[in-house]
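Working notes for the structure below.
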Amino acid sequence: MSRLFGTDGVRGIANKELTPILAFELGRAAARLLKKSGTRPLFLIGKDTRISGDMLESALSAGVFSAGGEVLCLGVIPTPAVACLVKEFGADAGVVISASHNTYEYNGIKFFRSDGFKLDDDIEDAIEEMVTGEEDEKDVTGADVGKYLRTGSDFGKIYVDHLINSVSADISGKRIVLDCANGAAYRVAKEAYEALGARVSLIGDEPDGTNINEKCGSTHPEGLQKKVVDEGAFMGMAFDGDADRLIAVDEKGRLIDGDKTICICAEMLHKKGKLAGDLVTGTVMSNLGFHKYLESIGCRTQVTNVGDRYVLEKMRETGSSLGGEQSGHIIFSEYSTTGDGILSSLQVLSAIIEKGMLPSEVSDGVELFPQVLKNAAVKNENKAAFKEDDEIKKAIDKAEEKLKGNGRILIRPSGTEPCVRVMIEGPDPVEIDRMAVELADKIGKKFG
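Take 568 as the starting number for the sequence shown in my numbering and just add one per residue.
Right, dumping it as structure tokens:
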């Protein structure tokens, strides 16, 4: 049996792969695992705007109740807000119901520990063993059954105050366009920016349950790019469905990806003496230009596997205070225990303002190598098969020979989707695009 938990929790098509029954079992197993003698475990549950969120929230809560736990529902709120609030309320766990950047028919369930960090693999394995194993523990009855807790707290405001306190620059008066992906950021992002005095325009702020990430957000920033130029805005910021990633846009409507954002923020922190060990954490997908730029300003880099959980693990292991991914998952450990798109947007905006330059000028200072990424659609069970296939290995070797050491090829299975990602860097963007398409097609046809 394949592992239930992927790189970012349990994910699948809602009511087909990720069913209410599975959500119930996950809630019950997690509550049983965290339950201590004489206590009721408290779970905080947040969600994005998907239509299936209510269904899964109810089922997950019922599972927690059946094991004697209590639930505080946070409503629609970003993933990093849950990580923040679980510590604020002294909860035993936080849960986010979201499939991040995926389309609305997907959903997911991911857990945070009491300290705001994602669960370790061994705890996920223990939950999975309870879910898939034989029933060996009775559910509670009578007065021991759990229940919802209700407070008068404004959960969004607590998180917004946390965001505001992270900002070092004066952003008042700046025209900023926010693309909230019709997702979890659609209220709090505006509140944070307006509280800091920015002049805010919004797109992707009308969720209807089925339009999350639809032609908007960090995976589809074209609308944001156009609106920034049309409005003469200083910058644009695009988040994904659960607002844990950021893709920025300069005043010319050009993208500033995660690699550039990290470089810009690293320089700010380095100059202030706030970049621990002058060390920045990236992934195997980080651009060669990312490493060269950081080295040029006196910083060191380290890499890990793709996935913000692995970035964070490496950061905690080495004491790094800044790390992230090209896709826009960026972790500022001084302020957060997970990727935070809104916080990242405020940090890169602060860095640019403090430099006294236009966003395009700052972005152009970080020169990245041409890079293309293509996805090969494959069956879930075949995601790793290409590694042992002689035909695919020969095709990869042939492509590497063409690069002649002036670039690199990275092929890896996705941790969240049924696909294999083909990334190629090299001096000729047309040539590397052709090469990536050929490899992706070959893998897709053979294992799709």
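We put the CB at the ideal spot given by N, CA and C, even for glycine.
Predicted model, so just to flag it, every value in this text is computed and none were measured.
- A straight-line Cα-Cα distance of about 14 Å links Thr699 and Arg599.
- Here Gly675 is actually not in contact with Val653; their C-beta atoms are around 17 Å apart, not less than 8 Å.
- Going by C-alpha positions, Lys827 is about 24 Å away from Asp797.
- The shortest CA-to-CA distance from Gly932 to any of Lys961, Lys793, Lys971 and Ile829 is the one to Ile829.
- For Thr718, there is no enclosing beta strand (DSSP E), since its DSSP letter is neither H nor E.
- DSSP places Gln869 outside any alpha helix (DSSP H); the residue lies instead in the beta strand (DSSP E), whose first and last residues are Arg867 to Thr871.
- In the three-state reduction of the DSSP assignment, Met1002 falls in the helix class.
- The Cβ atoms of Asp746 and Gly771 lie closer than 8 Å to each other.
- Counted as a single uninterrupted DSSP element, the stretch harbouring Thr699 is not any beta strand (DSSP E) but the alpha helix (DSSP H) occupying residues Asp688 to Thr699.
- Counting only runs that start and end inside the stretch 858-934, the alpha helix (DSSP H) elements of at least 4 residues fall at 875-885, 908-922 and 926-931.
- Restricting attention to alpha helix (DSSP H) runs no shorter than 4 residues, the stretch 710-793 encloses them at 722-731 and 755-762, ordered along the chain.
- Annotation for Pro587: the continuous alpha helix (DSSP H) segment containing it runs Pro587 to Leu601.
- Going by DSSP, Pro980 is part of the beta strand (DSSP E) stretching over Arg975 to Pro980.
- Val649: member of the alpha helix (DSSP H) spanning Thr646 to Glu655, first to last residue.
- Judged by their CB atoms, Leu822 and Pro774 are not nearer to each other than the 8 Å cut-off.
- Taken in chain order, the unbroken stretches of beta strand (DSSP E) that lie wholly in the stretch 789-843 and span 3 residues or more are 802-806 and 813-816.
- The shortest CA-to-CA distance from Ala660 to any of Lys677, Tyr673, Glu672 and Ser667 is the one to Lys677.
- The Cβ atoms of Gly890 and Lys881 sit closer than 8 Å to each other.
- Between Ile897 and the set Thr777, Leu879, Arg742 and Leu861, the nearest pair of CA atoms involves Leu879.
- Non-local beta-carbon contacts of Gly886 in its own chain, meaning distances under 8 Å to residues more than five positions away in sequence, involve Ala843, Gly844 and Leu846 in chain order.
- When secondary structure is reduced to three states using DSSP, Val997 falls in the helix class.
- Here Val638 is not near Phe679, since their CB atoms are 8 Å or more apart.
- Around the CB of Asn732, fewer than 16 other CB atoms lie within 10 Å, so the residue is classed as exposed.
- Boundaries of the beta strand (DSSP E) around Gly613: Leu609 to Lys614.
- Close CB contacts of Ser735 within its chain, under the 6 Å cut and outside five residues either way in sequence, are with Ser917 (chain order).
- The distance from the Cβ of Arg617 to that of Gly776 is about 6 Å, consistent with a contact at the 8 Å cut-off.
- The criterion of a C-beta distance shorter than 8 Å is satisfied by Lys950 and Val987.
- Remark: C-beta atoms of Ala748 and Asp807 approach each other more closely than 8 Å.
- According to the DSSP assignment, Glu992 belongs to the beta strand (DSSP E) that extends over Cys986 to Glu992.
- The C-alpha of Lys965 is placed about 19 Å away from the C-alpha of Ala952.
- Pairing Ile920 with Ile831 gives a Cβ-Cβ distance that is not under 8 Å.
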